[in-house]
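To start, the structure itself, in structure tokens.
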Amino acid sequence: MTATFVGMPPFPSAAREALGNSQLRANLAHATGTIRAKRAGVVAELDDWEELRLAGAAIKDETLRHLDEHLLTLEASLQARGATVHWARDAAEACEVVAAIARGHGVDEVVKVKSMATQEIGLNEALAAEGIAAWETDLAELIVQLGDDLPSHILVPAIHRNRAEIREIFRSRMGAVGRPAPEGLTDEPAALAGAARAHLREKFLRAKVAVSGANFAVAETGTLVVVESEGNGRMCLTLPEVLISVVGIEKVLPTWRDLEVFLQLLPRSSTGERMNPYTSTWSGVTEGDGPQETHVVLLDNGRTRALADEVGRQALRCIRCSACLNVCPVYERTGGHAYGSVYPGPIGAILNPLLKGVGVDEQTDSLPYASSLCGACFEVCPVRIDIPEVLVHLRAQVVDAHRGGTPTGQDRAMRAASWVLAGARRTDLAERAAGLVGGVAGWVGRRRLPGGRKAIGRLPWPGSAWTDARDLPAPPAESFRAWWRRTDGGRAPEGSAR
Ligand code: SF4
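In structure tokens, the structure reads:
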């Protein structure tokens, strides 16, 4: 697989190209509409859904507040149960840990259960550079990998593909990397799933090393949790001799009891199910049962940077359910590739800049603008991440990061306004001047241009581009402060002399 998000153009260019693909838009509208309806149905069944959301947000916030302590508890619990714990500051360190373990076992392939963290660090590419093939076993990930494609959705990475396209990918690519697709493969879902099952089963039974992520990591018991729908995760977690789990440090939960809240929030928000078909939990090594060597790589890769941002840190509550993608009008039209990251959609628009930092590259800086700020993402988020609030906060950071150089007309106007408004006397004089202008503008405004448009909306002033689409209200002939002085705060009779 050679496809990569590295070097993707900024969101506006990528989105423009995606909007020209009518097949993509049709696929996305159908898929997101279906998942949206399923989610809405199962969420409406619970009377205490809002209380669950509040509980989920509160548990995550409390955990993040004492993250250092919970991580040390998790490390100790994992070690007590026979797991080896590794700490990785960034993608390079995490990839090297995984590659070293695979090398140490002399393998040239690993099987993987879908993991956003391993995609974030580019693990497949790093292993390929060492001559180790990483086989994706989630159906949608398999489609993406065989098609030399990129994931475009958190939960359904091949959401941009339809059945006919998937059949073609299976027919043309499966044979090159393992068991080929059966003769006469149709695009019926059951036939496609059967072809994937037969292809993957060989890899499950052969692989000595598996790589996973984790949805949650329980500090109290040293337990990792993976929730999934296809059973491929259960195969990866139980069949190989060695299991390596790459886990973002924000995945920690203090106690086993906390899972009660998240195992209700996650399946309903993600696949629109009351309960996901497979919930796998494991704690270290159990003699004679499952992998006899387990490693956990605790990954930072920008998470402590996000944690230091008082507004942005709420993004670390994210449980990767993808509900915000499915309701986003921008995502539904552009698809995930336009975001240039494994984290697309509204959560990607805030998480990528928080993890990487703003002012680093043009593509990342473009993401906080990939939103209409409609707020639909906040309404569905099971852990109540106020994505619009973080988007606005990040936009301010992007603007600050690009200050300097030759000031634009807007910069000069803002500096002048700041100087005027910083002094009471200057503000007073400006208001009087504005009153005079308002009198003239009121006279001009009563005259109509052809088409009925107000003349004031077209006055050639420094913000005239702004008024191309809006009318500029004429300043009042008398300011509030002048009115206050004239009427003694409204106590003097109206019509008093100015
Ligand atoms: S931000 Fe909220 S809705 Fe979006 S993926 Fe994360 S948890 Fe789900």
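Note that my numbering numbers the sequence shown so that position 151 is 138, with each residue one more than the last. We put the beta carbon where it would ideally sit given N, CA and C, even for glycine.
Bridge-paired residues (DSSP) for residue i
{"i": "F203", "result": "V212"}
{"i": "D533", "result": "Not covered by the structure: residue 533. The range shown for the chain is -12 to 485."}
{"i": "W122", "result": "V98"}
{"i": "S232", "result": "S199, V283"}
{"i": "Y265", "result": "E215"}
{"i": "L240", "result": "V205"}
Between the CA atoms of residue j and residue i - distance to the nearest angstrom
{"i": "H147", "j": "V98", "result": "24 Å"}
{"i": "D174", "j": "D136", "result": "19 Å"}
{"i": "A163", "j": "I156", "result": "11 Å"}
{"i": "P316", "j": "G477", "result": "48 Å"}
{"i": "A185", "j": "A177", "result": "12 Å"}
{"i": "P449", "j": "P394", "result": "No answer about P449 holds up, because its pLDDT of 48 lies below 50 and its placement is not dependable."}
{"i": "M(-12)", "j": "E38", "result": "Residue confidence for M(-12) is low, a pLDDT of 49 falling below 50, so the modelled location carries little weight; the figure read from the coordinates is stated next. Taking the straight line from one Cα to the other gives about 44 Å."}
{"i": "P(-4)", "j": "Y356", "result": "14 Å"}
{"i": "Y326", "j": "S102", "result": "18 Å"}
{"i": "I153", "j": "L294", "result": "40 Å"}
{"i": "P447", "j": "D348", "result": "Unreliable positioning characterises P447 in this predicted model, as indicated by a pLDDT of 46, which lies under 50. The coordinate reading is nonetheless provided below. Straight-line Cα distance between these residues: approximately 36 Å."}
{"i": "A75", "j": "G289", "result": "11 Å"}
{"i": "F467", "j": "A388", "result": "37 Å"}
{"i": "S256", "j": "E32", "result": "13 Å"}
{"i": "G391", "j": "D398", "result": "10 Å"}
{"i": "A442", "j": "V131", "result": "Only weak support exists for where A442 lies, its pLDDT of 48 falling under 50; the value from the coordinates is given anyway. The straight-line gap from Cα to Cα measures roughly 56 Å."}
{"i": "E274", "j": "A18", "result": "43 Å"}
{"i": "I231", "j": "G332", "result": "28 Å"}
{"i": "V29", "j": "E260", "result": "7 Å"}
{"i": "I119", "j": "N219", "result": "20 Å"}
{"i": "L172", "j": "A204", "result": "40 Å"}
{"i": "P264", "j": "S270", "result": "20 Å"}
{"i": "I236", "j": "A201", "result": "11 Å"}
When the options are compared against residue i, the one with the closest alpha-carbon
{"i": "L423", "options": "V205, P462, G476, L172", "result": "P462"}
{"i": "P278", "options": "A469, V198, V84", "result": "V198"}
{"i": "A78", "options": "I108, A310, L250", "result": "I108"}
{"i": "K47", "options": "V370, L381, A409", "result": "V370"}
{"i": "T71", "options": "D55, V284, H53", "result": "V284"}
{"i": "G(-6)", "options": "F249, T242, T351", "result": "T351"}
{"i": "L501", "options": "S216, G209, Q251, G165", "result": "Only positions -12 to 485 of the chain appear in the structure, and residue 501 is not among them; the question remains open."}
{"i": "E49", "options": "K190, L303, A336, N14", "result": "L303"}
{"i": "A5", "options": "G392, T321, L341, G332", "result": "T321"}
{"i": "A27", "options": "R399, L378, C311, T414", "result": "C311"}
{"i": "E80", "options": "A63, T21, T105, L65", "result": "T105"}
{"i": "W36", "options": "S232, V248, A145, C361", "result": "V248"}
{"i": "P375", "options": "C364, L65, G171", "result": "C364"}
{"i": "L41", "options": "W269, E260, R413, L252", "result": "L252"}
{"i": "A145", "options": "V329, A411, L172", "result": "V329"}
{"i": "G69", "options": "T291, I306, H282", "result": "H282"}
{"i": "P340", "options": "P167, R382, I119, N313", "result": "R382"}
{"i": "V239", "options": "A421, G335, E56, R150", "result": "E56"}
{"i": "V385", "options": "V407, G346, H92", "result": "G346"}
{"i": "A87", "options": "L65, L110, A67", "result": "L110"}
{"i": "C361", "options": "L378, M161, L58", "result": "L378"}
{"i": "G20", "options": "V205, A183, T258", "result": "T258"}
{"i": "L250", "options": "A24, R402, M262", "result": "M262"}
{"i": "L89", "options": "R160, C368, E228", "result": "The sequence shown places Ala at residue 89, rather than the Leu named in the question. Nearest option by C-alpha distance: E228."}
{"i": "I141", "options": "F(-8), V367, G323", "result": "G323"}
{"i": "C368", "options": "V298, G43, A2, F(-8)", "result": "G43"}
{"i": "E112", "options": "A182, V212, A45, E83", "result": "E83"}
Coarse secondary structure for residue i, derived from DSSP in three states
{"i": "S139", "result": "coil"}
{"i": "V94", "result": "coil"}
{"i": "H73", "result": "strand"}
{"i": "C311", "result": "helix"}
{"i": "F(-2)", "result": "helix"}
{"i": "A442", "result": "Because A442 sits at a pLDDT of 48, beneath the cut-off of 50, its placement in the model cannot be relied upon, and the following sentence gives the value as read from the coordinates. Note: A442 maps to helix in three-state DSSP."}
{"i": "A180", "result": "helix"}
{"i": "A67", "result": "helix"}
{"i": "P480", "result": "coil"}
{"i": "P375", "result": "helix"}
{"i": "F249", "result": "helix"}
{"i": "D352", "result": "helix"}
{"i": "P369", "result": "coil"}
{"i": "Y318", "result": "helix"}
{"i": "H358", "result": "Note that residue 358 corresponds to Ser in the displayed sequence, not to His. Coil, per DSSP."}
{"i": "N149", "result": "coil"}
{"i": "C82", "result": "helix"}
{"i": "F(-8)", "result": "coil"}
{"i": "G20", "result": "helix"}
{"i": "C305", "result": "coil"}
{"i": "G387", "result": "Per the sequence shown, residue 387 should be read as Asp rather than Gly. In this structure, D387 counts as helix in the three-state DSSP scheme."}
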